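Visitor:
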Amino acid sequence: MTNPFFTIPLSVKVALMGAGSVLVTAAALVLLSIWQRGQYNALAQGEVDALIEADLDHITQGVYQLVRTENEAVQIQVNGNLKVARHILDSRGEVRLGDEQIEWTAINQLTRDATGIALPAFLVGGRWIGKNLSLPMETPVVDQIARLVGGTATLFQRMNDRGDMLRIATTVKATPHERAISTSIPAMEPDSTANPAIATVLKGLRYHGRAYVVNDWYLTAYEPIHDMTGTLVGMLSVGVRQEVVAARIREAILQTRVGKSGYVYILGGAGEDRGRYIISHRGERDGEDIWNSRDSDGRFVIREIVARATGLKPGEMTTVRYRWQNRGEPEPRWKIARLAYYPAWDWVIATSVYEDELQSYSAMLSDGRSRMIRIMTIAGGVITILAGLVSMLIIWAMTRPIRRMTEAAKTIIGGDFTRMVPVTSGDEIGVLARTFNHMTDEVKRFTEGLRRSEANYRGIFEHALEGVYQSSLEGRFLKANPALARILGYDSPDELIATITDIRHQFYVHPADRDTLLASIATQQQAFGFDVEVYRRDGSAIWVSISARLRRDRSDDPGIIEGFMTDITTRKRAEEALAESRNFLDEIIDSFGDPLFVKDSHHRWVL
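Quick note on the working numbering: the sequence shown kicks off at 18 and runs consecutively.
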C-alpha cells in the first residue's frame with residue numbers, strides 16, 4: 018500500500034515542514050531556557066563578575082599607564098634640560114678649584130645636621146661662582162639655566178673622598194625668599210645604602226630618575242663635573258618637582274568613577290610617605306597618614322595593601338578585599354580594591370568599589386532573565402503561528418520556479434552553460450531568474466577566460482629558461498618550475514620543494530645573504546639582480562642572480578615572496594679568472610728590475 022505522505026504535493030510538504038520546524042524549534046527553545054535557567058544564572062553571574070574584574074583591571078591599568086606616560090614625558094624634558102644646562106656651563110669656560118678656601122656650614126638635607134667645612138673656591142671661567150643665598154640676587158649659570166628651561170638647576174661641589182655633595186649654587190628654594198645653598202646630599206643614606214644619584218655620578222655616568230631634593234621629591238637628572246685634569250669636582254643637576262607633575266594627572270584620577278561610588282586612590286609605598294594618602298577620595302584626605310588604620314575586623318588593611326602592592330612587578334596587579342568606612346558614611350562596607358605599583362614614583366595605585374553595588378547588578382540580571390523567559394514563551398507561540406502561515410504561503414509560490422533554477426544549476430555544474438531559466442514573473446523570483454541567467458553568462462565568459470589565462474601562465478611557468486619560484490617568509494619553497502629544479506640539480510620541482518625545508522641554511526651558502534635579501538624586500542618591496550652563492554643538490558655551490566618581490570594577501574599583510582633566478586656561475590667564474598689574470602700580470606710587472614712602460618698607438622703612456 019502506498020504511503021499517503023508520498024502523495025502530498027511537494028509544496029504542501031515543504032510548508033508543513035517549515036511550520037513544524039518553527040513550532041518544534043520555538044517549543045524546544047522555551048523549554049530549554051526554562052530548564053537551563055539555574056545554570057545560566059551561575060554562568061551569567063560569573064560573566065558579570067569577570068566583566069567587573071576586567072573593568073577594574075582596565076581602570077587600574079589606565080591610571081598606571083597615565084602615570085608612567087607622564088613620568089616618561091617629564092623625564093625626557095629633564096634630560097633635555099640637562100643638555101642645555103651643560104651647554105651653558107661649558108660656554109662660561111673651564112671649571113676648576115681655586116686656591117682660596119671658602120667657609121661653608123653644610124646642612125645634611127636628610128638629618129638636618131650642620132657641619133662646618135672649608136672648600137676651595139669653585140671657579141667657572143676663572144670666576145668664583147659665589148655664595149648667594151638671596152633669590153632676587155642673580156646667581157651665575159643656574160639662574161640662566163632656569164630661565165631657559167624652567168624647573169630647577171643646581172651646581173654641587175664635592176666635599177670629600179666619600180663623595181658627599183654640597184649645593185653651592187641653586188634655584189631650589191629653602192624658603193620663599195632664600196636659595197637652598199649650603200645644603201648637602203650625603204653619599205650614604207641613613208640606612209647605610211648608597212645614594213643612587215651620587216653613586217652613579219661617582220662612576221662618571223649620568224643619573225636620571227626620582228630624587229629627594231632639600232624638602233621635596235623631584236624628577237631629576239644629574240651628571241658629573243670634571244676639571245681640566247679629569248678630577249671629579251662636583252655635579253650639575255636639573256629637576257622638576259614631582260608634585261607639579263602629579264598635579265597634571267590628579268584631576269583625571271579624581272574624576273575617575275567605578276560603578277556608582279567607587280573611586281581610585283593613591284598611597285605612598287615607602288619612606289616617610291608610606292601609608293600616606295597621595296590622592297584620596299575627592300581629594301579630601303590628601304596627605305593624611307592612614308598606615309595604622311584598621312578595618313572593622315581589626316586588620317591593618319592599609320599595611321596589607323601597601324605590602325601586597327609593593328611586591329608586584331611592573332605591570333602586575335593583585336586584589337585585596339576589606340571592610341572600609343569613609344568619613345560621613347554610617348557604617349563600614351565590604352570593598353574590593355585592584356592594586357598596581359609604580360616604583361618610579363613609589364605610588365600604590367588602587368581602584369576600589371563596594372561589593373553591595375556589585376550585588377545590585379546581580380539582582381538586575383536575575384530579574385532580566387525572568388522577564389526574558391516570559392517574553393520568550395509568549396513570543397514563541399506567536400512566532401510559531403505567524404511563521405507557519407507565512408511559510409505556507411511563500412513556499413507554495415516559490416516551489417515551482419526554484420525547482421526550475423535547481424535543474425538549471427545542475428546542468429551548469431555539468432559544464433552546460435546554455436541552459437536558461439524561463440522568466441515568468443516580474444517579482445523577486447523573476448529578478449532572481451534574470452540574475453541567474455546573467456550569472457550563467459558571466460560564469461561562462463569568466464571560465465573561458467580563466468582557462469586561457471591558466472594555459473598561458475602554465476606554459477610560461479613550465480617552459481621558462483629561468484628558475485621561477487614562490488617561497489614563504491618562514492623559509493620554504495611553495496612553488497618551483499622545472500628550470501629551477503634543473504639549475505639546482507633536482508629531478509623535479511616536487512623533489513626540490515620536499516627537500517629544501519629551510520631555505521636560509523639549506524639553500525644559501527652564506528645564510529646572512531637571505532637576511533640581506535629579506536631586508537631589501539621589506540624596505541623596497543622588491544630586489545633586482547641580487548647575486549649570491551647557493552647549494553645544488555649534490556652539495557656543490559653555484560652563483561645565481563635573484564630578482565624577487567613581496568606579494569601581499571587580501572588583508573595587505575605580507576604573504577609570499579615570488580621571483581626568478583638565473584645561473585650566473587659561468588660569468589662569475591670568468592670574472593674570477595679575469596681578476597686572477599690581472600693579479601698575475603701585476604705580479605709579473607712588479608718583479609721586473611728594469612724600468613718598464615707601455616705606450617699606445619698615439620705614444621701616450623699607459624703604464
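Idealized CB from N, CA, C, for every residue including glycine.
All values derive from a computational prediction rather than experimental measurement.
#1: Which word fits Gln-272, buried or exposed, when buried means at least 16 other C-beta atoms lie within 10 angstroms of its C-beta?
#2: Please return the same chain residues whose Cβ sits closer than 7 Å to the Cβ of Gly-492, not counting the five positions on each side in sequence.
#3: Hey, Leu-505 and Arg-554 are a contact pair by Cβ (cut 8 Å); roughly how many whole angstroms apart?
#4: Would you list the residues sitting across from Trp-145 in a DSSP beta bridge?
#5: Going by CA-CA distance only, name the one from Ile-270, Asp-306, Glu-89 and Gly-180 that's closest to Ala-287.
#6: Would you check if the distance between the CB atom of Lys-190 and the CB atom of Leu-152 is smaller than 8 Å?
#7: Quick check for students: name the residue ranges of the alpha helix (DSSP H) that lie wholly in the stretch 521-582, counting only runs of 4 or more.
#8: By DSSP's criteria, Glu-120 is part of a beta bridge. Which residues make up the other side?
#9: For Glu-346 and Asp-181, I'd like the C-alpha separation in whole angstroms.
#10: Ala-170 lies in the beta strand (DSSP E); which residues open and close that run?
#11: Assuming Asp-373 and Arg-350 form a contact by the criterion Cβ under 8 Å, report the distance between their Cβ atoms to the nearest whole angstrom.
#12: For the alpha helix (DSSP H) containing Thr-217, list its first residue and its last residue.
#13: Is it buried or exposed for Thr-210, if we count other Cβ within 10 angstroms and need 16 for buried?
#14: Just reading off the alpha helix (DSSP H) that Ala-204 is part of, what are its end residues?
#15: Return the first residue and the last residue of the beta strand (DSSP E) that Gln-487 is part of.
#16: Assuming Arg-227 and Ala-135 make a contact with CB atoms under 8 Å, what is their CB distance in whole Å?
#17: For Ile-319 versus Gly-279, is the C-beta spacing smaller than 8 Å?
#18: Using DSSP with H/G/I as helix, E/B as strand and the rest coil, what is Lys-190?
#19: Per DSSP, which one or two residues make a beta bridge with Asn-125?
#20: Quick check on this structure: which residue in His-225, Val-281, Ala-594 and Val-158 has the alpha carbon closest to the alpha carbon of Ala-238?
#21: State the Cα-Cα distance for the pair Leu-490 and Leu-356, rounded to the nearest angstrom.
#22: Rounded to whole angstroms, what is the Cα-Cα separation between His-243 and Val-112?
#23: Beta-carbon within less than 7 Å of Gln-542's beta-carbon, same chain only, minus the 5 sequence neighbours each way: which residues are those?
#24: Span of the beta strand (DSSP E) holding Val-166?
#25: Once DSSP output is grouped into helix, strand and coil, what is the label at Tyr-81?
#26: Thinking C-beta only, is Thr-156 closer than 8 Å to Ala-204?
#27: Could you give the DSSP three-state label for Thr-516: helix, strand or coil?
#28: Could you give the residue range of the alpha helix (DSSP H) that holds Ala-264?
#29: Find the nearest neighbour of Met-252 within the set Glu-260, Ser-564, Asp-584 and Leu-183, judged by alpha-carbon distance.
Guide: In brief:
#1: For this step, residue 272 is matched to residue 255 along the sequence shown. So Gln-272 counts as exposed.
#2: Locating residue 492 in the sequence shown gives position 475, where the first residue counts as 1. So the qualifying residues of the chain are Asp-519, Ile-520 and Arg-521.
#3: Working through the sequence shown from its first residue, we reach residue 505 at position 488. Working through the sequence shown from its first residue, we reach residue 554 at position 537. The pair is a contact, with the Cβ atoms about 6 Å apart (cut-off 8 Å).
#4: Position 128 of the sequence shown, counted from the first residue, corresponds to residue 145. Looking at the DSSP assignment, Trp-145 forms a beta bridge with Leu-140.
#5: Position 270 of the sequence shown, counting from 1, holds the residue named residue 287. When each option's Cα is compared against that of Ala-287, the closest is Asp-306.
#6: The count along the sequence shown starts at 1 and reaches residue 190 at position 173. The count along the sequence shown starts at 1 and reaches residue 152 at position 135. Taking 8 Å as the Cβ cut-off, Lys-190 and Leu-152 qualify as a contacting pair.
#7: 529-541
#8: The count along the sequence shown starts at 1 and reaches residue 120 at position 103. Its beta-bridge partners are Ala-135.
#9: Locating residue 346 in the sequence shown gives position 329, counting from the first residue. Locating residue 181 in the sequence shown gives position 164, counting from the first residue. Roughly 51 Å between the two C-alpha positions.
#10: Here the question's residue 170 lines up with position 153 in the sequence shown. Taken as a continuous stretch (DSSP letters only), the beta strand (DSSP E) holding Ala-170 covers 169-175.
#11: One-based indexing of the sequence shown puts residue 373 at position 356. One-based indexing of the sequence shown puts residue 350 at position 333. Yes, Asp-373 and Arg-350 are in contact; Cβ-Cβ is about 6 Å, under 8 Å.
#12: Within the sequence shown, residue 217 is the residue found at index 200, counting from 1. Note, Thr-217: alpha helix (DSSP H), 213-219.
#13: Looking up residue 210 in the sequence shown gives position 193. It counts as exposed.
#14: Within the sequence shown, the letter at position 187 stands for residue 204. Element bounds for Ala-204: n/a, residue is neither H nor E.
#15: Counting from 1 along the sequence shown, the entry for residue 487 is found at position 470. Counting along the chain, the beta strand (DSSP E) containing Gln-487 begins and ends at 484-489.
#16: Walking along the sequence shown from the start, residue 227 turns up at place 210. Walking along the sequence shown from the start, residue 135 turns up at place 118. In fact, because the Cβ distance is near 33 Å, the residues do not count as touching under 8 Å.
#17: Against the sequence shown, residue 319 aligns to sequence position 302. Against the sequence shown, residue 279 aligns to sequence position 262. No. Outside cutoff.
#18: In the sequence shown, counting from the first residue as 1, residue 190 sits at position 173. Note: Lys-190 maps to strand in three-state DSSP.
#19: Taking the sequence shown and counting its residues from 1, the one referred to as residue 125 is at position 108. Note: Asn-125 sits in a beta bridge opposite Ser-201.
#20: Here residue 238 corresponds to residue number 221 of the sequence shown, with the count starting at 1. Of the listed residues, the one whose Cα sits closest to Ala-238 is His-225.
#21: Indexing the sequence shown from 1 puts residue 490 at position 473. Indexing the sequence shown from 1 puts residue 356 at position 339. Rounded to the nearest angstrom, the two C-alpha atoms are 42 Å apart.
#22: Here residue 243 corresponds to residue number 226 of the sequence shown, with the count starting at 1. Here residue 112 corresponds to residue number 95 of the sequence shown, with the count starting at 1. Cα to Cα, His-243 sits roughly 7 Å from Val-112.
#23: Position 525 of the sequence shown, counted from the start, is the residue given in the question as residue 542. Excluding residues within five positions, the ones whose Cβ falls inside 7 Å are Arg-566 and Leu-567.
#24: Here residue 166 corresponds to residue number 149 of the sequence shown, with the count starting at 1. That residue, Val-166, is in no beta strand (DSSP E); its alpha helix (DSSP H) goes 159-166.
#25: In the sequence shown, the residue the question calls residue 81 occupies position 64. Looking at Tyr-81 - three-state DSSP - the assignment turns out to be helix.
#26: Here residue 204 refers to the residue found at position 187 when the sequence shown is read from its first residue. Here residue 156 refers to the residue found at position 139 when the sequence shown is read from its first residue. No. Outside cutoff.
#27: Within the sequence shown, numbered from 1, the residue matching residue 516 stands at position 499. Here Thr-516 sits in helix by DSSP.
#28: The sequence position of residue 264 within the sequence shown is 247, counting from 1. Ala-264 -> alpha helix (DSSP H) spans 259-271.
#29: Stepping through the sequence shown from its first residue, residue 252 is reached at position 235. Ranking Glu-260, Ser-564, Asp-584 and Leu-183 by Cα distance to Met-252 puts Leu-183 first.
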